[in-house]
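J.: Here numbering that gives the first Met the number 0 is used: the first residue of the sequence shown is 0, the next is one more, and so on.
The beta carbon of each residue, even a glycine, is placed where N, CA and C say it ideally should be.
Structure below; questions to follow.
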Amino acid sequence: MSAAPYIEQEGRGPGVVLLHGWGMNLRVFDPLRARLARSLSLRLVDLPGHGRSPWIEPFSEARQGSLLAGALLPTETLLGWSLGGQFALSLALAARGTAAAPRRLVLLATTPRFLQADDWSAGLSRELLQQFAASLEQHPIETLAEFLGLQVRGSQHAAQTMQRLQQALDEHGRAQLPALRAGLTLLALTDLRERLAVLDVPTLLIGGLNDRVTPPAALEAMARLLPRSQLLLLPRAGHAPFISHADAVAEAVLAFIAGDAA
Numbered sequence: 000m001s002a003a004p005y006i007e008q009e010g011r012g013p014g015v016v017l018l019h020g021w022g023m024n025l026r027v028f029d030p031l032r033a034r035l036a037r038s039l040s041l042r043l044v045d046l047p048g049h050g051r052s053p054w055i056e057p058f059s060e061a062r063q064g065s066l067l068a069g070a071l072l073p074t075e076t077l078l079g080w081s082l083g084g085q086f087a088l089s090l091a092l093a094a095r096g097t098a099a100a101p102r103r104l105v106l107l108a109t110t111p112r113f114l115q116a117d118d119w120s121a122g123l124s125r126e127l128l129q130q131f132a133a134s135l136e137q138h139p140i141e142t143l144a145e146f147l148g149l150q151v152r153g154s155q156h157a158a159q160t161m162q163r164l165q166q167a168l169d170e171h172g173r174a175q176l177p178a179l180r181a182g183l184t185l186l187a188l189t190d191l192r193e194r195l196a197v198l199d200v201p202t203l204l205i206g207g208l209n210d211r212v213t214p215p216a217a218l219e220a221m222a223r224l225l226p227r228s229q230l231l232l233l234p235r236a237g238h239a240p241f242i243s244h245a246d247a248v249a250e251a252v253l254a255f256i257a258g259d260a261a
C-alpha cells in the first residue's frame, strides 16, 4: 500500500500548497480554493489518515514530516490552517536553507503552542485536552461534531460554516481514529515558540477575533516572534475564517503573495 498522501491540483500561477486542520480534509478549502485558483496554482493535500490519504503505521512525527515534505516541497507558498499551520511551520523550519524551502507562509488560525503553560496563557488547558482525548475513544463521531461546533462558535455565519465543515466530511471522508489520536498528541507536545525567530520568510497570519480554539492572543504573540510577519484579525470570525469570511481571506492572501513577489 502506498504511503503517498492524496493530492488535488488546480489553477495556474505562483504555487501554493494548502494544509487542512485536525479531523478535516482538503474539501474544507473549497470556498477559498474557488477564489484563489483564478490566480494561483494550488495543491491541496489530505493529511495522513484524513480524507482519502492512507494512514501508515508505525507513526512518528519525523516520518509524517518526511512524507509530507517529499510530496509537497518545493513550493513558493505554504498555507496551513490550525494543525495544518503547525505542519507548515515545521516543514518550513526543516527545509530552511535548502532549495526546497518555501518563499513565504500563510498561517490561518495557527498557534505555535496549543496547550497553556506558565508562560503561555493563549492556549487550551491540559485537562480539557485529556477529556477531549478520552471522549474521542468512547464516542469519536460525537466528539468530532462537538469540535466542529467549537470551531464555528462566535462566527458571523456559524450555521453556514458548520454546514460546509460537515459537508466536507460527508463528501470526502472522515479521519481515521489513529490519525486523530496522533494529531492530538502532536497538539499536546508541539511548542515552536523558540524556533520562530530563525524563520526569516514573509509570513501572513490570519485569525478570527472570536476564535474559541486558537485565541487571537496566540496569533498576536506569534506575530511578535516571527521576524517578517503581517497579522490580520477578522471581526466576527471564528476558527474557520477562510469559510465564513472567504472573500476577505482570499483578498488578503492574493495581496500578500503579489506584494511579496513584486
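Taking the C-alpha atoms as reference points, what is the distance between residue 199 and residue 137?
T.: The straight-line gap from Cα to Cα measures roughly 43 Å.
J.: Which first and last residues belong to the alpha helix (DSSP H) in which residue 150 is found?
T.: First-last of the alpha helix (DSSP H) with residue 150: 139-151.
J.: In three-state terms, what does DSSP make of residue 17?
T.: Note: residue 17 maps to strand in three-state DSSP.
J.: Which two residues bound the contiguous alpha helix (DSSP H) that contains residue 182?
T.: 176-188 is the span of the alpha helix (DSSP H), which, as asked, contains residue 182.
J.: Going by C-alpha distance, which of 63, 205, 82 is nearest residue 241?
T.: Nearest C-alpha to residue 241: 205.
J.: Going by other Cβ atoms of all chains shown within 10 Å of its Cβ, with 16 needed for buried, is residue 248 buried or exposed?
T.: The residue is buried, with at least 16 neighbouring Cβ atoms inside 10 Å.
J.: In angstroms with no decimal places, state the Cα-to-Cα distance between residue 142 and residue 253.
T.: Cα-Cα distance, rounded: 35 Å.
J.: Based on the DSSP output, what are the partners of residue 262 in its beta bridges?
T.: The chain is shown only over 0 to 261; residue 262 falls outside these bounds and no answer can be derived.
J.: Enumerate, from N- to C-terminal direction, the unbroken beta strand (DSSP E) stretches of 3 or more residues contained entirely within the segment 207-243.
T.: The segment 207-243 contains these whole beta strand (DSSP E) runs: 228-233.
J.: Is the segment 42-53 in contact with the segment 20-33, if contact means three or more CB pairs nearer than 8 Å?
T.: Contact holds: three or more Cβ-Cβ distances are below 8 Å.
J.: For residue 161 and residue 167, I'd like the C-alpha separation in whole angstroms.
T.: Cα-Cα distance, rounded: 10 Å.
J.: Report the partner residues of residue 76 according to the DSSP bridge assignment.
T.: 15, 103, per the DSSP bridge assignment.
J.: In terms of alpha-carbon separation, which member of 31, 18, 3, 202 lies closest to residue 262?
T.: Absent from the structure is residue 262, since the part of the chain shown begins at 0 and ends at 261.
J.: Got a sec? Which residues, its chain only, sit under 7 Å from residue 165 by beta carbon, not counting five neighbours each side?
T.: Excluding positions up to five away in sequence, the list reads 147.
J.: My output table needs one value for residue 252: the three-state DSSP class, helix, strand or coil.
T.: Residue 252: helix per DSSP, three-state reduction.
J.: Let's test the definition: count the other Cβ atoms within 10 Å of the Cβ of residue 117 and tell me whether it reaches 16, buried, or not, exposed.
T.: With fewer than 16 other Cβ atoms within 10 Å, it is exposed.
J.: With a threshold of 6 Å on Cβ separation, who are the neighbours of residue 163 within its own chain once the five nearest residues in sequence on each side are excluded?
T.: 242.
J.: Go through its chain and collect everything with a Cβ distance to residue 60's Cβ below 7 Å, but skip five positions before and after it.
T.: Counting only Cβ-Cβ distances below 7 Å, and skipping sequence neighbours, we find 185.
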